[in-house]
Structures are given as C-alpha cells and as structure tokens.
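Since the structure comes first, as structure tokens, the remarks are kept for the end.
2 protein chains.
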Amino acid sequence: MTDYRRLRVALLGAGAVGSQVAALLRKHADELADRAGAALDLVGIAVRNPDAPRDADLPRELFTTDSEQLIVGADIVIELMGGIEPARTDILLALSSGADVVTANKALLATHGPEIFDAADQVGASVYYEAAAAGAIPIIRPLRDSLAGDRVQRIMGIVNGTTNYILDRMDSEGSGFDEVLADAQKLGYAEADPTADIEGYDAAQKAAILASLAFHTAVPLDAVHREGITRIDKQAMDAAHHAGYVIKLLAVCERLADAEADSPTGEAISVRVYPALVPREHPLASVHGANNAVFVQAEAAGNLMFYGAGAGGVQTASAVLGDVVSAARRHIAGGVGVGESTRANLPVLPIGRVTTRYQITLEVSDEPGVLATVAGILSEGRVSIATVEQTIEPTAPTEVEDAPGVARLVIGTHTAREQDLSDTVDRLAASGVVGRVVSVLRVEGN
Amino acid sequence: MTDYRRLRVALLGAGAVGSQVAALLRKHADELADRAGAALDLVGIAVRNPDAPRDADLPRELFTTDSEQLIVGADIVIELMGGIEPARTDILLALSSGADVVTANKALLATHGPEIFDAADQVGASVYYEAAAAGAIPIIRPLRDSLAGDRVQRIMGIVNGTTNYILDRMDSEGSGFDEVLADAQKLGYAEADPTADIEGYDAAQKAAILASLAFHTAVPLDAVHREGITRIDKQAMDAAHHAGYVIKLLAVCERLADAEADSPTGEAISVRVYPALVPREHPLASVHGANNAVFVQAEAAGNLMFYGAGAGGVQTASAVLGDVVSAARRHIAGGVGVGESTRANLPVLPIGRVTTRYQITLEVSDEPGVLATVAGILSEGRVSIATVEQTIEPTAPTEVEDAPGVARLVIGTHTAREQDLSDTVDRLAASGVVGRVVSVLRVEGN
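Chain order of the listed sequences is A and B. According to my numbering, the first sequence holds residues 17 to 462 in order. According to my numbering, the second sequence holds residues 17 to 462 in order.
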C-alpha cells in the first residue's frame, strides 16, 4: 500500500449512522485512502456512554467521553450526534482548531447555518453536509457546484421518507392515516413520537438547506411555511385519486417575481412545506415507499430529478463518507475552503404572497343558486375558477323530509395568491350556503 | 457590486454550446461573480471563422483565430470545439500555462483522458467535465465526490438522447427503425450522419468516462464493448413489449467477481453499450423521448437515479458554467487541483467473460422433438433456461404441402456467461433444427 499522509478523523456520536460510518471507515480503509490520497485514521468516537451496545462491532478503546480532547487533535471531525447542543459548540471548536467538519445535522444547519459557515470562512475550513438534505441522494454538490452557473427556478422535493411511506400506503391501499401510521411505527418507518416527520418539521429543515443552496441566500428556518399531513384523510386521498392526482408532502423552494419584494431585481423566493396534489403523470408521483426525490427546474438545464433512498443508517453513511473523502482531498490539496454562496440574499416571501393553484372542496346545500353564489364570492376574491365538479353527497343526513340535500363542490382554481385564496375561503365559510369547507389543497407540478 | 478579483476566461469554439456559454457568461455576469467570488471576464473566443453567423449575439471583437495567444493569457480555458485535435493540444497548452480547464469533449476524454489528467496533476491544475457524460444531468460530481466513500456496484445509463428518442417512438407508436430515424433527422434529434449515435460510439465514450469515475480505474475506450441499435426492428420491439420489457440502449458499467481476473481482490469491471431488455417497471423504462438518466447501484447508498435532458446547447451550457464557477472558486481558494482517482486500477473484462441474462428468439421447424434438441444444446452449453414460449409463426412460408410449419421459440435464460451463450447460439444455428436465430438480447435491470 502506498505510504500516504495520515489524517486524524474524529467521530462524534455512534448511533445508527455513526456506527455504520465507523465500521465502513475501518472496513474500506485501504480503498478510501487510495481515493482520498490520504490515510483516514479513525482516532476516536465521542459518546455519552462508551459501554452502550452498538450496531457495529467496534473496539472499546476507540470510545471516549472526552469530546473536547478528541476534537482539538483532529484533521476532520464528523458530527453525527444530532440536535443543537452540544453539536453546535463541538463544531465551532473543531473549526477553530483547524479541522474540516462533516455533519448530517439538518436541525443545526437550518437554525445555526450562517454562524457555522462564518466560523469556517474565518479559518478557511470547509463544512460538508451531503447527508443533511436528502439522505444518500447526492443533491448538495449538484446544487452547490453543478448548477452554480445556472438559475434554479423551483425545487420540489419529497424529502421525508416517513410521510411518503404513509401517504403512499394510504394511496395504494385506501387505508386511513391512523392505521398506516401505527403500522409504520411497528415496522420502524416512523418514530414512537412521529411529530417531527408528520408535522413537516424534518422536511422544513431540509427545505431551508436546499433553498439556501439553490438561491444563494441564507434562509432561516422560521421563514419556511410548514404544514404537516395529519389532516389528510381517506376522503382527501379518494378525491385526489378521482381527480388524477396523488398527495405528496412537498418541500417547495421557488424563485418568484414579486412587485412588493424588497430586492433590487424584484425577485424573491418562497420556501414552504405542505401536502400538495401532484399530477399522476409527474415524475414525483412515482416515488413510492420511503424513497426520496428532488425535482429541480433550472433556467438552462431544464428539468432534473434526483432519486434514491431517504434516511437509513447505511445509506446516510454513504453520504457522510463521500464528504469525508472530499474533506481529506481538500486537506491534501491545500488552499482555503470554498465558503457558502449567499450573496444573492433574496427576500423570503411570507406564505400569503405566494401564488399557486388550489383545489377547494366544499359541502353546500343542494339548492338552485348556490353555485352562482360560490362563483361570485370567488370572483370577488380574485380567485379564478378552472374546473368545478358537483356531486351529491350520498351519505348526507337529511333529517327533515323535503329539506335540501347536501352537495359537494370540488373547485379547481387557476393560479391565485395565497392571501386572496385564504380570505376567499373564509368568506365562503361565512356565506351561509357553504356547510363545511372540506379541504383546501395546493396543486404543484404543472 | 463587490470589487472582486478578476479572472480571465477564454472560450475555444462557438457552436451550439459555446454560443450559449458565451451569452450566459455575459448575461449573468454579476450573479456568476457573486457565486464564484470572482469576476469572470470573457476575454476572447477562438474560432476558425470569426465572421461566421452565431446562435447568440456576441460582439465581433471577442472573436479571434489566434487560440494560442488567447490560451496563454487565461486563468480558465473552456474547450467546446469537440474532436481530438486541436482540442488536445490546446488543453495541454492551457494546463501547462497554469489555467484550469473546462471541457465537454467526451471523445477526447475517453481516448486521451489519462494524458490530460496527468498533465493537470503535474501543474496542480484541475480539469472539469460535467458536460461530457450526460449533458445537463449532474453525474460527475456525484460519482467523483458524493459516492467517493461508497462502492459503486453497477451503473446503467441511458446516455444518448437520439437513440432513446428513436427507441421510445418505435415502442410507443409501433413504427419501424428507418421511418423513425428519418423523422428524427427532420426534427433535429438525429444528425445527417447518425452513425455516432445509432452505432453506440457516443454512448461508449460516455460509458468509459462514467466507469473510470465510478471504479477509480482509467478505462480506455477500446475496452468498452459496443453494439448499436440498427438491428432493432419492429418485430423485436413487439416481442419485447409482449414479454413485459422495453428496449433501451444502455451503457452498463459493472463491478464483477471473476476468478481469472488479474487483480489482488479477484474483482474486475465490465463496460459495455448495447440495446437491452429492461423490465417495464424499472425506473429506466419510464425515461422517454430524448431524455437521459443514469441509474446507480451502490453498496451503501442503494439505488439512485439521476434524470434530465441529455444534449442540447443551453442544457449543456448549464453544466459547463457550473464547472466554470467551480474552477473560479478553486482559483480563489488556492491549493492544487484534486486529481482523478484511478488507483483501484481494476482489470476490464472482455465481453466474453461478462454474465447476464438473455432472451433468445429462434425460428424452428414445428416438429416433435425440436424443443428437446434445443434444450439439450443449451444445457450442454451451460446456459440454463428460465422460460420458454412457443408460438406458431403465422406468416411462415410453407411452400410444400405437408411440410412442417415454422414455430418461434422465445427462450429466457438464467444468468449465463456471454462466451458460453455465444458459442451455444452458434451451435443452435448449426443444429439443423433452427431455421434462423431471430435475435439475442441481453436483459438488464432485474
């Protein structure tokens, strides 16, 4: 074996991903050295309890509770603890000690990204985070580098495997949300506390990271509009199916022209996570199970899609190790790290100023004139109707004989402004002719 | 605008891609400077005829015929002339003058890659070639960097838009090859001389580049087995359809265990381009029109797919400009370029030692005992039968009354070694019971 320069690699955390990273670093040591041009010596693994059982068979002497000592002697620090602290403090210590950092910590990057990237810039180090956005799918380098000469117009990402698994099973089996969630928990696709996934928090963190890269703008997590999938029931699924759509939890990152936007070019961006109707013929509609996919529309490159497994210990370890090899190559090559590009600094629009298409489902009394009233309210609210379908609700309760039955109106709109749409739906609800607003869903992907 | 360091960018060639690159460099100059951290000054465009009409509106004074003078004064040289010479000489001059090089020249990299990468290594420069493998689809950085910590097992790529367009139309419309080719030429999807596309030369160059990256091995173009699509007729399409397959021209790059392989681990690789049967449910089967896609199977990451437009002036320009930004960032960051990783140096197996599944279609006399004879020959040849379907050929000529009719046998095999298969097919053809070997197609993707 070639006599390579040796680099000291420190690992923080030994959970599902960390154990795999440690095991693969050791198993493929020779191959990784050939590719990196440097031997990657795993010098220690900082954990809370060195004696806890691990997924991989790792020598006891690698484990330590003294993360500080481990970090200051390292060339490359891999942070896989998750959470904000002590991850943030450890990463800042690593950077100030001259190490490059590899992390899969989306929560930390989405909330403290600018602080961490600034710290790296100040010492000329690099932060690598391929595993933080879409598991094993290489999306960071394509956005950061390959598309750096293009203008990304829109990203639509299925970036949370748990919710895609749930929605896909609801769609294919006609099962209800609670039933599928319980099953997903049993099978290990969903956590005991599924909030981070099903309420869209995980997807929102990834959306902030993707939008920051795509639009060269530091997007704070609290600028990401977020809705989860808990209100998606069997009825909504059936209605989507009937109309030629599938429901997906999408992270949408979009470049928009906005007359009121506070930017020199009148350009702004929107970053939002919500369940949306996607046409069945759209490539994102065929992303099944716990898989992820990121659909990118760019001015010159056109439509691109990146597809693969989302989370998973060994899959995420692949992305982490790719970053470790990159960090090692940079260490050998010399020079300073290339910082994040955030100079476009576009304003992030509130959800009210975003425009998209909608599908509104209403329960109305089955009487003459109701449709005219509804259409009038929409028109006054600057919401233009594209399609209307009326169905008599077969299970409608008619307690009084001769009382009007209940009909269901499914209204597809042309592109409307979210604030107009939302005000209009409020007026519909208060109009007297609408018994219930069954659902309001955005339509994305055409 | 920030006062950036200025980098001198020289462009060689102003065809479909070059014109777009020049136009976008000028149109988005401020944005690109913000992203690169350096102003990218297009200082000149070397062409044979400065007065020829161009796709984009570019100032006459940018054009020059003196490529040498342009190159030696540049920080970044973009080579978009294509062909071997003078591209090779110009790129070597650029590297020896200290410039980084961006190229989309797959023919050159597939034949003179090692010479060019060595020249770059010697001066610490970098060669970027995202546009050389799959048009605008970011695949170089994912393979080179993101998957550098993983082990790629297999790549199956639809990397030629022209042939995918032709095969897709044959499949969806039931049209014949010649008819669709003529139409593709009229519509600009195929060249007047379509040889490079339909005979697989273009795909073979891309396969050599992808395999070199994926397996950290310099793969010479003449080690790539290549077959084109000209023998795919309507009958083959119909038969594929009937059996649940679609025919795609695939670039297959595969890691194999081979007992006789001359490598320390017994590992070898195979790189081959041919029309193959792909199951209709495989993600590659839904790649329509002139689009490209690269399906990657890696040990840890699992299955990934990268999808997008193949060739096209503006799409390819996106990939080129991404490389220009990367080259500029590296220039600013300092340090030497990261060279190609080829230390695995795996042997490339000849096609005879590759194993795959096959579908063999034979015309045989419709007599008792024929199937037994065919099965016997296959078994002797170490080709194991998975499925057999027999159909009487309805259009068979029966000149003599009472002469046996002609039947058609479609045989699906288990995995067999190509040499065994090929020898067996020769024996079948000479056996006396087989009237004609209609087709032999490999099955990939399951």
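No residue lacks a Cβ here, since even glycine has one placed at the ideal position from N, Cα and C. As the structure is a prediction and not an experimental result, all values here were calculated from the model.
(request) Report the residue from A:G355, A:E207, A:D91, A:E297 whose alpha carbon sits nearest the alpha carbon of A:Q138. (result) The count along the first sequence starts at 1 and reaches residue 138 of chain A at position 122. It is A:G355 whose Cα lies nearest to the Cα of A:Q138.
(request) Pair every Cβ in the stretch 179 to 189 of chain A with every Cβ in the stretch 81 to 95 of chain A, then say whether three or more of these pairs are closer than 8 Å. (result) no
(message) Let me check one thing: in DSSP terms, what residues is B:I225 bridge-paired to?
(response) Residue 225 of chain B sits at position 209 when you count from the first residue of the second sequence. In the DSSP output, where bridge partners are listed per residue, B:I225 has none listed.
(request) Tell me whether A:Q85 is buried or exposed, calling it buried when 16 or more other Cβ atoms sit within 10 Å of its Cβ. (result) Position 69 of the first sequence, counted from the first residue, corresponds to residue 85 of chain A. It counts as exposed.
(request) Taking all protein chains shown into account, decide if B:E434 is buried (16 or more other Cβ within 10 angstroms of its Cβ) or exposed. (result) On the second sequence, position 418 is the one that residue 434 of chain B refers to. B:E434 comes out buried.
(message) Quick check on DSSP: helix, strand or coil for A:I155?
(response) Residue numbering aside, residue 155 of chain A sits at position 139 when the first sequence is read from its first letter. When secondary structure is reduced to three states using DSSP, A:I155 falls in the coil class, being assigned neither helix nor strand.
(request) Could you tell me whether the stretch 26 to 34 of chain B touches the stretch 45 to 65 of chain B, where touching means 3 or more Cβ pairs closer than 8 Å? (result) yes
(request) Determine, using beta carbons only, whether A:S455 and A:R247 come nearer to each other than 9 Å. (result) As a working mapping, residue 455 of chain A is identified with position 439 in the first sequence. As a working mapping, residue 247 of chain A is identified with position 231 in the first sequence. For the 9 Å CB-CB criterion, A:S455 and A:R247 form a contact.
(message) Rounded to whole angstroms, what is the Cα-Cα separation between B:R452 and B:T80?
(response) Your numbering for residue 452 of chain B matches position 436 in the second sequence. Your numbering for residue 80 of chain B matches position 64 in the second sequence. Rounded to whole angstroms, B:R452 to B:T80 spans 59 Å at the Cα level.
(message) Please identify the residue among A:I100, A:S142, A:D82, A:G129 whose C-alpha is closest to the C-alpha of A:L111.
(response) For the purposes of this step, residue 111 of chain A is identified with residue 95 of the first sequence, where counting begins at 1. If we check each option's Cα against that of A:L111, A:S142 comes out closest.
(message) Taking contact to mean 3 or more Cβ pairs, one atom from each stretch, closer than 8 Å, check whether the stretch 143 to 159 of chain A and the stretch 313 to 327 of chain B are in contact.
(response) yes
(message) Assuming A:V390 and A:V449 are in contact, meaning their beta carbons sit under 8 Å apart, how far apart are those beta carbons, in whole angstroms?
(response) The residue labelled residue 390 of chain A in the question sits at position 374 within the first sequence. The residue labelled residue 449 of chain A in the question sits at position 433 within the first sequence. That pair is a contact at about 7 Å.
(request) Going by DSSP, name the residue or residues bridged to A:K264. (result) Your numbering for residue 264 of chain A matches position 248 in the first sequence. The partner list for A:K264 (beta bridge, DSSP) reads A:A292.
(request) Report the rounded CA-to-CA distance for A:G190 versus B:E270, giving the unit in angstroms. (result) Counting from 1 along the first sequence, the entry for residue 190 of chain A is found at position 174. Counting from 1 along the second sequence, the entry for residue 270 of chain B is found at position 254. If you take the alpha carbons of A:G190 and B:E270, they lie about 40 Å apart.
(message) Can you tell me whether A:E243 is helix, strand or coil according to DSSP?
(response) Here residue 243 of chain A is taken as the residue at index 227 of the first sequence, counted from 1. Three-state result, A:E243: coil.
(request) Take B:L300 as the anchor and find which of B:A349, B:V268, B:A432, B:A49 has the nearest alpha-carbon. (result) Within the second sequence, the letter at position 284 stands for residue 300 of chain B. Checked all of B:A349, B:V268, B:A432, B:A49; the closest Cα to B:L300 is B:V268.
(message) According to DSSP, is B:S534 part of a helix, a strand, or is it coil?
(response) Because chain B here runs from 17 to 462, residue 534 of chain B falls outside it and cannot be looked at.
(request) Report yes if the C-beta distance between A:A120 and A:V336 is below 9 Å; otherwise report no. (result) Within the first sequence, numbered from 1, the residue matching residue 120 of chain A stands at position 104. Within the first sequence, numbered from 1, the residue matching residue 336 of chain A stands at position 320. A contact, by the Cβ cut-off of 9 Å.
(request) Please list the partners that B:M172 has in chain A, where partner means a Cβ-to-Cβ separation under 7 Å. (result) Numbered from its first residue, the second sequence carries residue 172 of chain B at position 156. The contacting residues do not exist; B:M172 stays about 14 Å from chain A at best.
(message) Can you check whether the C-beta of B:E47 is within less than 9 Å of a C-beta belonging to chain E?
(response) Within the model displayed, chain E is absent; protein chains A and B are what it includes.
(message) For a test of the three-state rule: what should DSSP assign to A:D91, helix, strand or coil?
(response) Residue 91 of chain A sits at position 75 when you count from the first residue of the first sequence. Secondary structure at A:D91: coil, using DSSP grouped into helix, strand and coil.
(message) Counting only C-beta atoms, is A:Q331 closer than 9 Å to chain B at any point?
(response) Within the first sequence, the letter at position 315 stands for residue 331 of chain A. At least one chain B Cβ lies under 9 Å of A:Q331.
(request) Enumerate, from N- to C-terminal direction, the unbroken beta strand (DSSP E) stretches of 3 or more residues contained entirely within the stretch 62 to 106 of chain B. (result) Listed in chain order, the complete beta strand (DSSP E) runs (minimum 3 residues) inside the stretch 62 to 106 of chain B are 92 to 95.
(message) I need the DSSP call for B:R51, collapsed to helix, strand or coil.
(response) Taking the first residue of the second sequence as position 1, residue 51 of chain B is located at position 35. Per DSSP, reduced to three states, the secondary structure at B:R51 is helical.
(request) Using alpha carbons as the reference points, say which of B:A164, B:V459, B:R51, B:A306 lies closest to B:Y374. (result) Numbered from its first residue, the second sequence carries residue 374 of chain B at position 358. Considering only alpha carbons, the answer is B:V459.
(message) Residues of chain A with CB closer than 9 Å to the CB of B:R51, please, in chain order.
(response) Residue mapping note: residue 51 of chain B aligns to position 35 of the second sequence, counting from 1. Chain A residues near B:R51: A164, G165, H232, S357, R359, A360.
(request) For B:N176, decide whether its Cβ has a neighbour in chain A, counting only Cβ atoms nearer than 9 Å. (result) For the purposes of this step, residue 176 of chain B is taken as residue 160 along the second sequence, with counting starting at 1. Cβ-Cβ to chain A under 9 Å: no for B:N176.
(request) Taking A:A314 as the query, report the chain B residues whose CB atoms sit under 7 Å from its CB, ordered along the chain. (result) The residue given as residue 314 of chain A occupies position 298 in the first sequence. Those within 7 Å of A:A314 in chain B are S334.
(message) At the level of alpha carbons, what is the spacing between B:A412 and B:V386?
(response) If you number the second sequence from 1, residue 412 of chain B lands on position 396. If you number the second sequence from 1, residue 386 of chain B lands on position 370. For B:A412, the predicted structure reports a pLDDT of 48, less than 50, and the residue's modelled location is therefore unreliable. The matter cannot be settled from this model.
(message) Distance cutoff 9 Å, beta carbons only. Does B:R346 sit that close to anything in chain A?
(response) Numbered from its first residue, the second sequence carries residue 346 of chain B at position 330. At least one chain A Cβ lies under 9 Å of B:R346.
(message) I believe B:G351 touches A:A349 by the beta-carbon criterion, under 8 Å. Please report the beta-carbon distance rounded to the nearest angstrom.
(response) Along the second sequence, read from residue 1 onward, the residue named residue 351 of chain B stands at position 335. Along the first sequence, read from residue 1 onward, the residue named residue 349 of chain A stands at position 333. 4 Å between Cβ atoms; contact.
(message) Counting C-beta neighbours from all protein chains within 10 Å, is the total for B:N308 16 or more, i.e. buried, or is it exposed?
(response) Taking the first residue of the second sequence as 1, we reach residue 308 of chain B at position 292. Buried, by the Cβ-count rule.
(message) Could you check whether the Cβ of A:A412 sits closer than 9 Å to any Cβ belonging to chain B?
(response) The count along the first sequence starts at 1 and reaches residue 412 of chain A at position 396. With a pLDDT of only 48 at A:A412, under the threshold of 50, the placement of this residue in the model should not be trusted; the figure read from the coordinates follows. Not one chain B Cβ lies under 9 Å of A:A412.
(request) State the DSSP-derived secondary structure class of A:L163, mapped to helix, strand or coil. (result) Mapped onto the first sequence, residue 163 of chain A falls at position 147. Looking at A:L163 - three-state DSSP - the assignment turns out to be coil, as it is neither helix nor strand.
(request) Assign A:R24 to one of three DSSP states: helix, strand, or coil. (result) The count along the first sequence starts at 1 and reaches residue 24 of chain A at position 8. The answer is strand: DSSP assigns A:R24 an E or B state.
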